[in-house]
Amino acid sequence: MTQDVTILVATMSGTAEMVADEIASRIEDAGGEARIVRMEKAGVATLSGADGPILICSSTYGTGDVPDNGQALYTALEKERPDLSGLRYGVVALGDSVYPQTFCFGGRKFDELFASLGAARIGDRFEHDSRSGTYPEDAAADWAEQWLEQLDA
Amino acid sequence: MSGDRGVIVVGAGQAAGRAAKAMRSAGYAGPITIFGDEPHLPYERPVLSKSGLMEARSAAPQVLGDADCASLDIAVRTATAVTAIDRAAHEVVLETGERAPYDRLLIATGGKVRRLSIEGVAPEAIFYLRTIDDAERLGERLRDRPDVVVVGGGFIGLEVAASAAKLGCHVTVVEAADRLLPRLGCPDASDYVLAHHRAAGIDIRPGTHVVRGEGGNLTLSDGAAIPSGLIVAGIGVAPDTALAEAAGLDCDDGILVDEYGRTSDPAIFAAGDVTRHYHPLLGRRIRLESWQNANVQAEAAGRTIAGMPTVAAEIPWLWSDQGDLNLQMAGAPEAIDATVIRRGDDDAEGIAVFQLSGGRLVGGVTLNRGKDMPLIRRMLAHGAFSPDPAALADPAVPLRRLIPAREAA
Chain X
1 MTQDVTILVA TMSGTAEMVA DEIASRIEDA GGEARIVRME KAGVATLSGA
51 DGPILICSST YGTGDVPDNG QALYTALEKE RPDLSGLRYG VVALGDSVYP
101 QTFCFGGRKF DELFASLGAA RIGDRFEHDS RSGTYPEDAA ADWAEQWLEQ
151 LDA
Chain V
1001 MSGDRGVIVV GAGQAAGRAA KAMRSAGYAG PITIFGDEPH LPYERPVLSK
1051 SGLMEARSAA PQVLGDADCA SLDIAVRTAT AVTAIDRAAH EVVLETGERA
1101 PYDRLLIATG GKVRRLSIEG VAPEAIFYLR TIDDAERLGE RLRDRPDVVV
1151 VGGGFIGLEV AASAAKLGCH VTVVEAADRL LPRLGCPDAS DYVLAHHRAA
1201 GIDIRPGTHV VRGEGGNLTL SDGAAIPSGL IVAGIGVAPD TALAEAAGLD
1251 CDDGILVDEY GRTSDPAIFA AGDVTRHYHP LLGRRIRLES WQNANVQAEA
1301 AGRTIAGMPT VAAEIPWLWS DQGDLNLQMA GAPEAIDATV IRRGDDDAEG
1351 IAVFQLSGGR LVGGVTLNRG KDMPLIRRML AHGAFSPDPA ALADPAVPLR
1401 RLIPAREAA
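In order, the protein sequence lines correspond to chains X and V. Heads up: the first sequence begins at 1 in the numbering used here, then just goes up one per residue. Heads up: the second sequence begins at 1001 in the numbering used here, then just goes up one per residue.
Shown next, in the form of structure tokens:
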């Protein structure tokens, strides 16, 4: 396992950041490298210049928007539309089915945007419902192990 | 349920909407009618003090929209106050004089803001924040950038103060207690909050109160006179128990309910801010004003009404977004005998506070360190969890690794 993963975090209450921490620990346990970048500290260049795969880890605002700290990056990507072909990415989307109409929209919106810019999603998008009875940090880290295998395949 | 008379919900806030949805998802097929004072369908209030003030047209998340009401066959009568509950007849009386019958009644009337009176200031010159309409009125004024005085340095007061400061207002917060947010149970946390807001340019005056107003100024108890183009009071909320008390239901600073939301009348339930409910994890009654409680307790009551008895039992948790400060707290500790603080390498990484009693974790607070809160909540849900204080204090130790087994959520 030699992947060098950049985890981009968009978070409201901090859960997505905590989940990213846990995924990073799992990646490192598996012999890979992981770097967590909160989205307000990322720009278009973070993506167009990325060497390794990107993992988007985003929660969802109640009205269905991407979290505040991810707004600037989302808008910049939409406006500048960089060519992301060659970029491989995965998506961890956190949501609460108490908002059924906008469930996991934060992660879904980034997924759609990345795909429209030519990036290639590896594996299925992981979606977690905070009412599922499982902890997102456990479920997402388990998912990430499979995702890493797919990256290596 | 025997019912062809159906369920009536009094109050049309978040708890009312969630409870009605829960009744339907639990299979209740009879009539559901919600009566609310406000001219709006049920919505969530937390954004009102943030985007609700900062933006001219901001949307609060709806709990029950028009589409939900249609698809779930839930009737909401907005701007229709209930004036009495006739328990003997199983009817509510509306302000129009009309009577509406029920088999089961849910009271979700929420809270009423405590009113402030200041000598020399007309009562209508004091603003409050509880409803969408309050937020629209207040936001419009704030966007003219007056000198703002916020009376009360609690959650709502500090949220409003931070939004006003971001809009460019000069803001003074007058707080009677010697420190901000004593309910955090941690002077270090209170100091952090104070320092954060002062750094954001907010003038905070702990240990003072307003004595009187005169010619556009407010005089404080320490003799200071501060310009007050706009006065906002955030001095707490009282449970709106008037209907319940008049109907003879047991109340004590909130309508008394059990863990299912049942009041002292078997046909009447209550949920949300208005209740003082028995909390099985805490082993005592508690009144909680929070988004979480308005969901969890309302859903338990809704399901119980629908014939699927459900207990509300989640570790209490709430948050307060105050400008660039995200505060979260969990647990409801009655006694704390040790406090452990985890700090990152710099101030931007915030602090987490772990509150212990007899070695057991009983509560936690995070300030701009929300990533630790889900794990604090997980530790609290674990029940008898006695973490190693040195590990808690060390930010290099992942909190997840301190949690023993892989238990269910």
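C-beta: ideal position from N, C-alpha, C; glycine also. Just so it is clear, the structure is predicted and the values come from calculations on it, not from any experiment.
- In this structure, the straight-line span from the alpha carbon of Asp1258/V to that of Gly62/X is close to 30 Å.
- When only Cα atoms are considered, Phe1354/V and Cys57/X end up about 27 Å apart.
- For Ala1088/V against Leu1094/V, the beta-carbon gap comes to about 17 Å, at or over 8 Å, which does not count as contact.
- Per DSSP, Phe105/X lies in no beta strand (DSSP E) segment; the continuous alpha helix (DSSP H) that holds it begins and ends at 105 to 116.
- For Ala141/X, the closest of Glu17/X, Ile27/X, Gly86/X, Gln150/X by C-alpha to C-alpha distance is Ile27/X.
- In its chain, beyond the 5 residues on either side, Ser1051, Gly1052 have a beta carbon closer than 6 Å to the beta carbon of Ser1058/V.
- Look at the beta carbons and you see the region 1368 to 1386 of chain V touching the region 1312 to 1327 of chain V: at least three pairs across the two are nearer than 8 Å.
- Contact check for Leu1142/V against Cys1169/V passes: the beta carbons are separated by less than 8 Å.
- Annotation: Ser132/X to Val1174/V spans about 43 Å, alpha carbon to alpha carbon.
- For a cut-off of 8 Å, the C-beta gap from Gly1331/V to Gly1364/V is around 6 Å, short enough to register as a contact.
- Between Phe1035/V and Thr1080/V, the C-beta spacing is below 8 Å.
- If only uninterrupted alpha helix (DSSP H) runs of at least 4 residues are considered, those enclosed by the region 1053 to 1116 of chain V are 1066 to 1072.
- Interface flag for Lys1166/V against chain X is unset, since no Cβ pair is found closer than 8 Å.
- Within the model, the alpha-carbon separation for Arg121/X versus Gly32/X is close to 19 Å.
- Within chain X, no C-beta atom comes nearer than 8 Å to that of Arg1303/V; the closest sits roughly 14 Å away.
- Unbroken alpha helix (DSSP H) runs of no fewer than 4 residues, entirely contained in the region 1255 to 1310 of chain V, are found at 1291 to 1305, following chain order.
- For Asp1321/V, the enclosing beta strand (DSSP E) has its first and last residue at 1317 to 1322.
- Annotation: the continuous beta strand (DSSP E) that includes Ile1341/V extends over 1338 to 1343.
- Here Ala1348/V is actually not in contact with Asp1372/V; their C-beta atoms are around 15 Å apart, not less than 8 Å.
- Taking a Cβ-Cβ cut-off of 8 Å, the neighbours of Gly62/X in chain V comprise Glu1044, Val1047, Pro1061, given in sequence order.
- Taking a 10 Å sphere around the C-beta of Asp1066/V, we find fewer than 16 other C-beta atoms and assign the residue as exposed.
- With fewer than 16 other Cβ atoms inside 10 Å of its own Cβ, Thr75/X counts as exposed.
- By the criterion of at least three beta-carbon pairs nearer than 8 Å, the region 1067 to 1079 of chain V is not in contact with the region 1155 to 1165 of chain V.
- One Cα belongs to Ala1396/V, the other to Ser130/X, and the distance between them is close to 27 Å.
- For Ile36/X, the closest C-alpha among the options Ala10/X, Leu94/X, Gly86/X is that of Ala10/X.
- Taking 8 Å as the cut-off between beta carbons, the residues of the region 87 to 107 of chain X near chain V are Val98, Tyr99, in sequence order.
- Straight-line measurement puts the Cα of Pro1046/V at about 19 Å from the Cα of Asp1240/V.
- For Val19/X, the enclosing alpha helix (DSSP H) begins and ends at 15 to 29.
- Here the alpha carbons of Asp1250/V and Ala1270/V stand approximately 11 Å from one another.
- One Cα belongs to Glu80/X, the other to Ala20/X, and the distance between them is close to 27 Å.
- In the structure shown, the three-state DSSP call for Gln146/X is helix.
- Per DSSP, Gly1364/V lies in no alpha helix (DSSP H) segment; the continuous beta strand (DSSP E) that holds it begins and ends at 1360 to 1367.
- The alpha carbon of Ala1060/V has as its nearest neighbour, out of Arg1130/V, Ala1019/V, Gly1302/V, Arg1005/V, the alpha carbon of Arg1130/V.
- With contact defined as three or more Cβ pairs closer than 8 Å, the region 1294 to 1313 of chain V and the region 1018 to 1035 of chain V are in contact.
- Residues of chain V with a Cβ closer than 9 Å to the Cβ of Met18/X are, in chain order, Gly1370, Lys1371, Asp1372, Met1373, Pro1374, Leu1375, Leu1399, Arg1400.
- Remark: C-beta atoms of Ile1231/V and Ala1125/V approach each other more closely than 8 Å.
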